[in-house]
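Chemist:
In the numbering used here, the protein residues as written are 1345 to 1456.
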């Protein structure tokens, strides 16, 4: 007679490291609140909120988000607190950060 298998919860990175993150906070994305945790990058917070794209390409306006996740490819550029060209996968989320979709190079209306 076989014993029934018991399911255990899959380990999480925080559980494996024995980490207990501090209290969560909010950032905003295009004006809507997005929850974030201490230590999360902006890209991680956006992904967790099911936001997959936060910039458009310069030439054809195609949507982009995180691709490599380590700061190499520049697909994850976002405008953070009014500063365009920030790599969302490398920038730590901070309480109250305002992230907006970056269109093209993020300098629309600044070129002459």
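Don't be surprised by glycine CBs; every beta carbon is placed ideally from N, CA and C.
Consult DSSP for residue 1421 and reduce its assignment to one of helix, strand or coil.
Modeler: Position 77 of the chain shown, counted from the start, is the residue given in the question as residue 1421. Strand.
Chemist: First and last residue of the alpha helix (DSSP H) that includes residue 1429?
Modeler: Taking the first residue of the chain shown as position 1, residue 1429 is located at position 85. Element bounds for residue 1429: not the alpha helix (DSSP H) but the beta strand (DSSP E), 1427-1431.
Chemist: Can you pull the DSSP bridge partners for residue 1442?
Modeler: Counting from 1 along the chain shown, the entry for residue 1442 is found at position 98. BP columns for residue 1442 point to 1372.
Chemist: Does the beta-carbon distance from residue 1379 to residue 1387 come in below 9 Å?
Modeler: Residue mapping note: residue 1379 aligns to position 35 of the chain shown, counting from 1. Residue mapping note: residue 1387 aligns to position 43 of the chain shown, counting from 1. Result no, Cβ atoms of residue 1379 and residue 1387 do not sit closer than 9 Å.
Chemist: For a test of the three-state rule: what should DSSP assign to residue 1377, helix, strand or coil?
Modeler: Residue 1377 sits at position 33 when you count from the first residue of the chain shown. Strand at residue 1377.
Chemist: Whole angstroms are fine: how far does the CA of residue 1399 sit from the CA of residue 1417?
Modeler: What you label residue 1417 is simply residue 73 of the chain shown in a count that begins at 1. What you label residue 1399 is simply residue 55 of the chain shown in a count that begins at 1. Going from the Cα of residue 1417 to the Cα of residue 1399 covers about 13 Å.
Chemist: Would you mind working out which of 1427, 1364, 1433 sits nearest residue 1409, comparing C-alpha positions?
Modeler: Residue mapping note: residue 1409 aligns to position 65 of the chain shown, counting from 1. The residue with the shortest Cα to Cα distance from residue 1409 is 1433.
Chemist: Which one of 1373, 1406, 1366, 1377 has the shortest CA to CA distance from residue 1383?
Modeler: The count along the chain shown starts at 1 and reaches residue 1383 at position 39. Ranking the options by Cα distance to residue 1383, first place goes to 1366.
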